[in-house]
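Step one of this worksheet: look at the structure below.
Numbering (full-length UniProt numbering), first residue to last: 1 to 865.
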């Protein structure tokens with residue numbers, strides 16, 4: 001204290017200081033040392049003298065452990081830095097800098113009353129705390145940064161390696177009452193907190209950034225290891241209302257933004273709400289096994305309000321896995337485009353193992369691989385009392401939900417697209433077994449050789465049925481309006497009351513679940529075999545084989561049956577020996593030596609495409625209108641494929657040009673091929689008196705193919721509790737569709753074309769084989785041979801209408817007016833009403849039948865052995 005008072009006395013004359021008068025900015029800038037100066041202040045109507053601390057630019061830095069404390073604290077200077085120290089005021093605190101203000105290294109700046117930080121340059125709060133009753137941070141020309149710092153570390157110990165990213169103390173700016181942050185440049189809240197008991201206002205001349213930081217750890221122990229990463233999210237919390245404003249962009253990444261009352265977000269350019277990924281995984285590698293596991297999750301921005309939420313951008317609004325929830329209304333407005341989209345989450349598993357078995361004279365290895373990969377889409381959510389989304393150009397909702405208790409309104413100057421997102425999955429299974437050395441033949445004998453078998457199966461799919469978008473109201477209406485095309489794909493629009501969809505054209509179509517499977521089997525075998533031959537030798541082999549099966553059986557009843565079989569086989573062997581002795585057959589018992597090789601391969605490929613239709617479900621009325629006022633795709637058309645329209649009241653389809661209601665195809669395709677070839681040569685020597693030597697050889701080959709295609713149609717259905725009204729300026733086409741209502745009214749400008757679609761199935765296969773062989777016995781100089789061949793073919797075809805296309809009216813009947821031609825192909829116009837309530841007025845009328853057919857052909861030809 002004495003130092004500060006002595007400094008004031010020493011500089012008073014040089015700077016022209018007047019007792020009781022505050023220093024000017026110029027006088028503060030000329031201070032060579034900090035001073036304590038007495039100034040006059042009016043308190044409760046009385047003028048009193050109070051001390052005020054002025055820090056010179058040379059003394060402005062407070063280091064660790066430094067403390068400035070008082071009832072009221074005012075600091076003015078150039079650059080002000082608090083590095084691990086404390087600046088405390090029981091009442092009010094003011095820091096006024098002609099340069100920058102920095103609160104660093106767990107520093108504390110606090111006030112029991114108002115806290116004002118004012119700087120010409122930047123204001124930084126780095127892993128430190130700023131708190132007060134009312135808090136104001138203002139940068140005249142610079143930026144404001146509230147940042148939680150991170151620290152990377154690593155340790156190595158031989159085969160072990162550890163590394164990670166840790167966070168320092170949480171940076172926070174807090175107010176028990178209201179809070180204001182204003183910067184001419186950027187405001188950045190990075191892994192930090194901003195909170196107030198009352199209202200919060202953040203205003204940036206350039207960008208307002210609320211970004212997460214990623215921390216985590218990795219460990220590796222030789223061939224094994226694991227890792228985890230997590231997001232440290234920024235938070236902005238208001239006990240009352242909250243306003244975030246930026247002259248350019250508002251950017252958030254995994255931010256938590258909360259207001260007890262209303263929330264208002266405004267950007268001169270773009271609002272970008274992004275997600276931050278988190279992950280975990282492990283891997284292990286040994287001599288015989290390798291495993292890998294990885295998972296990725298997404299943490300999106302979370303905006304919650306006890307009142308209304310308004311988001312406004314001069315250009316674009318982009319939401320990725322963002323949840324916006326309000327007790328009041330939600331209003332989202334952009335001058336250009338709005339995208340409510342998804343972030344991708346994933347899981348991956350890989351396992352590879354090898355097994356080796358070594359016996360005295362044989363060797364076997366088995367290799368197995370399992371691999372699975374899955375991705376899922378985490379969508380955005382808008383949920384409020386009422387929800388209104390307006391885009392000047394395009395509006396896209398993909399794999400996301402827009403829901404309200406009351407009305408939902410989506411509108412765009414150009415396109416509105418409500419789409420399903422796409423998830424993926426892949427699977428691989430592989431097993432290979434190799435054998436070599438000495439193996440048994442099943443009887444008395446052995447084989448020296450090698451064999452290899454392998455099975456490879458790969459599967460891949462894309463799925464949209466699990467990632468549909470939903471636009472819905474639990475107690476109100478849903479309205480979708482597009483200046484150009486309104487497109488609903490693989491998604492749901494649901495309203496307790498009315499649904500209205502209007503566009504230059506309207507397209508409603510299904511999502512698709514697609515899958516491919518490829519499977520391959522291969523087998524190769526070759527070897528030299530020594531075994532008993534002849535009738536007696538074959539009988540003995542059978543008896544030995546039966547005895548082995550009896551020994552290996554675990555079930556008592558099966559073991560008893562196998563024992564019976566073994567006894568009978570032994571009897572048969574004895575009978576064969578007796579018969580050979582009686583007939584004098586010299587070759588009844590012998591030894592054969594044969595060299596054989598055989599290989600085979602089969603592979604199959606299949607594809608499937610399963611549709612998942614969109615649904616429009618209105619508790620009351622449903623209206624779809626194509627105005628044809630612009631020059632977009634399908635101008636003036638309503639196109640609905642493989643989807644379902646339902647209304648408790650009336651349904652209206654009104655198109656300036658065409659109305660096309662059609663089915664969507666579920667398809668399956670299968671192709672397959674197989675082939676095999678082999679052969680062998682050998683010699684056998686009889687054991688009896690006068691026995692001969694026989695040589696034999698054989699070859700074989702086979703190949704086949706198959707091809708199958710199938711199509712099943714998912715129909716478009718329109719079901720209305722009251723009246724269905726169809727108006728088209730040109731054609732109305734029903735191809736694989738049903739229109740159901742108590743009454744049907746149609747006014748078709750040109751043609752009415754109604755036809756049913758047939759499910760189809762086709763299958764074609766062909767298999768050919770050939771075999772040849774022969775033997776010759778030296779001594780008797782006799783021989784024999786054979787040749788065999790076969791060819792099999794199968795063809796099948798099936799065509800059938802599963803659901804008949806048509807207009808089906810109830811007791812209200814139908815009133816249909818067609819400007820030109822009406823054509824019915826395997827279709828129907830019908831009602832349950834009396835004839836006087838049914839009217840069809842058309843220029844011309846034509847009809848034809850569709851024939852359901854089933855054709856099956858099988859052929860076989862060959863040369864018997």
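C-beta: ideal position from N, C-alpha, C; glycine also.
- Pairing residue 491 with residue 470 gives a Cβ-Cβ distance under 8 Å.
- Contact between the region 414-433 and the region 451-461 is established, with three or more Cβ pairs separated by less than 8 Å.
- A contact between stretches requires three or more CB pairs, one per stretch, nearer than 8 Å, and the region 636-650 fails this requirement with the region 513-522.
- In this structure the region 661-670 touches the region 707-722; the number of beta carbon pairs closer than 8 Å is three or more.
- For residue 21, there is no enclosing alpha helix (DSSP H), as DSSP marks it with neither H nor E.
- Burial check for residue 54: the Cβ neighbour count within 10 Å reaches 16 or more, so the residue is buried.
- As the crow flies, the alpha-carbon of residue 378 is around 29 Å from that of residue 497.
- Residue state for residue 460 is assigned as strand, using DSSP reduced to three classes.
- Counting along the chain, the unbroken beta strand (DSSP E) around residue 119 starts and ends at 114-119.
- Collapsing the DSSP output to three states places residue 9 in a helix.
- DSSP, reduced to helix, strand and coil, places residue 28 within a helical segment of the structure shown.
- Here the region 599-618 lies against the region 673-686, with 3 or more beta-carbon pairs under 8 Å apart.
- Rounded to the nearest angstrom, the Cβ distance from residue 302 to residue 393 is 27 Å, too far for a contact under 8 Å.
- The Cβ atoms of residue 322 and residue 299 lie no closer than 8 Å to each other.
- It is roughly 30 Å from the alpha-carbon of residue 693 to the alpha-carbon of residue 524.
- Taking the Cβ atoms as the reference, residue 130 lies roughly 6 Å from residue 103, within the contact range of under 8 Å.
- Excluding its 5 nearest sequence neighbours in each direction, residue 682 has C-beta neighbours in its own chain below 7 Å: 592, 593, 594, 595, 696, listed in chain order.
- The residues 420, 421, 422, 423, 490, 511, 512, 513, 612, in chain order, have a CB closer than 8 Å to that of residue 464 in the same chain once the five nearest residues on each side in sequence are set aside.
- The DSSP-derived three-state label of residue 654 is strand.
- In the structure shown, residue 169 falls within a coil segment according to DSSP collapsed to helix, strand and coil.
- Pairing residue 313 with residue 269 gives a Cβ-Cβ distance under 8 Å.
- Relative to residue 27, the option among 842, 78, 418 whose CA is nearest is 78.
- Annotated three-state conformation of residue 484 is coil, per DSSP.
- The C-beta separation of residue 403 from residue 383 comes to about 5 Å, placing the pair in contact by the 8 Å criterion.
- Ranked by how close their Cα comes to the Cα of residue 330, the residues 386, 818, 296, 361 have 386 in first place.
- Rounded to the nearest angstrom, the gap between the Cα atoms of residue 346 and residue 458 is 19 Å.
- Within its own chain, the residues whose Cβ lies closer than 6 Å to the Cβ of residue 839, once the five positions on either side in sequence are excluded, are 815, listed in chain order.
- Cβ neighbours of residue 634 within its own chain (closer than 6 Å, five residues either side excluded): 505.
- Fewer than three Cβ pairs drawn from the region 214-222 and the region 182-190 lie within less than 8 Å of each other, which leaves the two stretches out of contact.
- Only exposed fits residue 46, as fewer than 16 other CB atoms lie within 10 angstroms of its CB.
- Under the 8 Å Cβ criterion, the region 748-758 does not count as touching the region 766-779, having fewer than three qualifying pairs.
- Judged by pairs of C-beta atoms under 8 Å, the region 190-207 touches the region 228-238, as three or more such pairs exist.
- Along the length of the region 68-136, whole beta strand (DSSP E) runs at least 3 residues long occupy 73-77, 80-83, 86-89, 93-97, 101-104, 108-111, 114-119, 123-126, 129-132, reported in chain order.
- Within the region 612-691, the runs of beta strand (DSSP E) that reach at least 3 residues and sit entirely inside it are, in chain order, 615-618, 622-626, 638-641, 644-647, 651-655, 659-662, 664-686.
- Taken in chain order, the whole beta strand (DSSP E) runs of length 3 or more contained in the region 218-255 are 224-232, 235-238, 242-246, 250-253.
- For residue 474, there is no enclosing beta strand (DSSP E), as DSSP marks it with neither H nor E.
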